[in-house]
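Right, one structure below, let's go through it.
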Amino acid sequence: MKAKKRQKMCYNCEGEIDLDVIVCPFCAADLREEKPEQFQSSYHPTASVQNLNTQQSLYPPHYAPKAPEEEPAYQDPQAMMESDEETKSIVGPTILMTLGAQLLLFGLFMLFFSSKGALILKWDARMWFLYAFASIPLLIFGYRSISKL
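One rule links them: number in the working numbering = place in the sequence shown (from 1) + 72.
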């Protein structure tokens, strides 16, 4: 029976390697154990960095992060009705935008697929431009209303 080799895990790629390996064969990470003295930073901030910290405490930034608003656990019915009114304001612009897009597509459909001025579904395709022109104001008003929200 063969004795199982002791292995350790590479901290960089998490590959299993032999215990006595210094460099990981998978990712080439240095695996030597460092002494505690080496973990200490050799960086000592200069006076300018220390002055910067002092200046930041003297002059608060112009932009302050907003505190998260907590919603109350109980909402009165009037507040709920106001939120319903806000969602109703989205319905009108959406209907205008949808109706305008559908009329535009319908007018273009009649333009391209009509045969001798008539569509196979017996729509009078000679009036395609009316549908296309009627869709333009609906599209414009719908787009403006949606962009304001």
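Glycine is no exception: its CB is placed at the ideal position from the N, C-alpha and C atoms.
Distance CB(residue i)-CB(residue j) smaller than 9 Å
| i | j | result |
| --- | --- | --- |
| L211 | L176 | yes |
| G164 | S217 | yes |
| D90 | K76 | no |
| L235 | G179 | There is simply no residue 235 to check, as the chain begins at 73 and stops at 221 in what is shown. |
| Q79 | E86 | no |
Residue i - DSSP class collapsed to helix/strand/coil
| i | result |
| --- | --- |
| I218 | helix |
| S186 | coil |
| I212 | helix |
| A197 | helix |
Closer than 8 Å: residue i CB and nearest the ligand ADP heavy atom
| i | result |
| --- | --- |
| K77 | No copy of the ligand ADP occurs in the structure displayed, which carries no ligand at all. |
Span of the beta strand (DSSP E), counted from its first residue to its last, around residue i
| i | result |
| --- | --- |
| I94 | Counting along the chain, I94 falls outside any beta strand (DSSP E), and DSSP gives it neither H nor E. |
Residue i - partner residues in DSSP beta bridges
| i | result |
| --- | --- |
| E88 | M81 |
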